[in-house]
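Here is the structure we will look at.
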Ligand code: ADP
Ligand code: ADP
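Numbering (our numbering), first residue to last: 17 to 242.
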């Protein structure tokens, strides 16, 4: 069980900018929660605080049963997929996917098994020996997802993962992400400024504006609200 419970969360950057203001939000185990809102409203900052990549100014962050304010990113049961994919350019797809597991001293046989399985789910089996620069944008995106999947996190954090893809591929990947969420049966927290993505993918949507949470509801309720 990995509910994510965010209580009275604030972020003030060192320059004094108050980017996240008293956010309260509970993300329920296995749901697909979308954080949506205009550029600069605090979505990425919130996501990075869930991941532990950004220090919390005040408030409490709970993942599962654990308060994680002082827990390092690698000890949180999360994996994050970034907008720019952040693949290691000098490594093959296989090595990109294996990297985190090797750090955790996962046995080679298990690494192979997890990569084979993830590669099958994402249809990237034939790409495992290639380097990132030999891949298309959509393929890189799949590899970035694969690298997250093999860690078997309870919570997936995604920051605008489709924004660098062309329109056609973006529509296709939306459907694939919905399927991936169903297959993995884990919690997804997904940041986007794209309302269509939010409405089509989320089981619930959290609308942010100017550092504040404005509304949290399912897509139908959001669509019908004034
Ligand atoms: P810290 O003091 O926590 O190290 P920094 O101020 O150095 O944080 O910035 C962290 C990251 O955010 C850096 O990658 C930086 O380039 C980026 N950053 C800094 N200022 C802004 C800004 N106004 N908007 C968006 N990103 C910024
Ligand atoms: P979003 O993801 O919704 O586009 P962000 O969370 O990236 O918004 O940024 C929220 C606000 O905080 C923005 O106004 C941004 O310029 C500012 N910001 C982001 N990083 C920094 C930083 N390191 N220092 C100062 N301000 C920052």
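Note that beta-carbon positions come from the ideal geometry of N, C-alpha and C, so glycine has one too.
Cβ pair residue i, residue j closer than 7 Å
| i | j | result |
| --- | --- | --- |
| residue 48 | residue 172 | no |
| residue 79 | residue 92 | yes |
| residue 22 | residue 41 | yes |
| residue 167 | residue 95 | yes |
| residue 37 | residue 228 | yes |
| residue 134 | residue 165 | yes |
| residue 110 | residue 156 | no |
Segment limits, beta strand (DSSP E) that includes residue i
| i | result |
| --- | --- |
| residue 75 | 74 to 79 |
| residue 94 | 94 to 97 |
| residue 51 | 48 to 52 |
| residue 206 | 203 to 208 |
Residue i, DSSP secondary structure in three states
| i | result |
| --- | --- |
| residue 197 | helix |
| residue 91 | helix |
| residue 178 | coil |
| residue 117 | helix |
| residue 168 | coil |
| residue 146 | coil |
| residue 126 | helix |
| residue 151 | coil |
| residue 35 | strand |
Cα-Cα separation between residue i and residue j, rounded to whole angstroms
| i | j | result |
| --- | --- | --- |
| residue 207 | residue 158 | 17 Å |
| residue 183 | residue 233 | 27 Å |
| residue 52 | residue 89 | 23 Å |
| residue 45 | residue 153 | 30 Å |
| residue 50 | residue 222 | 6 Å |
| residue 104 | residue 186 | 23 Å |
| residue 81 | residue 19 | 8 Å |
| residue 161 | residue 24 | 31 Å |
Residue i: CB within 6 Å of a non-hydrogen atom of ligand 4
| i | result |
| --- | --- |
| residue 33 | With respect to small molecules bound, the structure shown includes ligand 1 and ligand 2 and not ligand 4. |
The alpha helix (DSSP H) enclosing residue i, as first and last residue numbers
| i | result |
| --- | --- |
| residue 238 | 235 to 240 |
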